[in-house]
Amino acid sequence: MIMEQVLNLLLLRFGLLVGGLVVLALLVFAVAVVLRRRGKLGEVRRYAAPAARAVGRRLDARGRGPSRGGGSLAGAALRVAARHLDDDGRGQRERGAGR
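Position 73 of the sequence shown, counted from 1, bears residue number 55 in the working numbering, the numbering being contiguous throughout.
Written out as structure tokens, the structure is:
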């Protein structure tokens, strides 16, 4: 009986976490669509790319020293996001987007 309650609580917590992440992803997507329609997406990308790189480096530096995985999962996701933000849509990096 107690084990069943613990498992239900863990399942509920997992569901709330996944639901929150889905809502957050939908919100980010909606903001990107609105910015693209207004023609401001390029300007936002120029500001967001350095910030994403900086946060990714900060998350990796905050880690527990050298790891075999090359840093935290959040840091890796932000590095991928920064690379995507640096991309100009044709598979090439924008001018001045280097580190």
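Cβ atoms here follow ideal geometry from the backbone N, Cα and C, with glycine treated the same way.
Taking DSSP as the reference, what is the three-state secondary structure of residue i?
i, result
"residue -3", "helix"
"residue -17", "coil"
"residue 61", "helix"
"residue 27", "helix"
"residue 2", "helix"
"residue 44", "coil"
"residue 21", "coil"
Here's the rule I'm using: 16 or more other beta-carbon atoms within 10 Å means buried, otherwise exposed. How should residue i be labelled?
i, result
"residue 20", "exposed"
"residue 12", "exposed"
"residue 44", "exposed"
"residue 2", "exposed"
"residue -5", "exposed"
"residue 24", "exposed"
"residue 40", "exposed"
"residue 18", "exposed"
Quick check on this structure: which residue in the options has the alpha carbon closest to the alpha carbon of residue i?
i, options, result
"residue 14", "34, 27, 2", "27"
"residue 38", "56, 22, 30, 29", "56"
"residue 34", "-10, -15, 58", "58"
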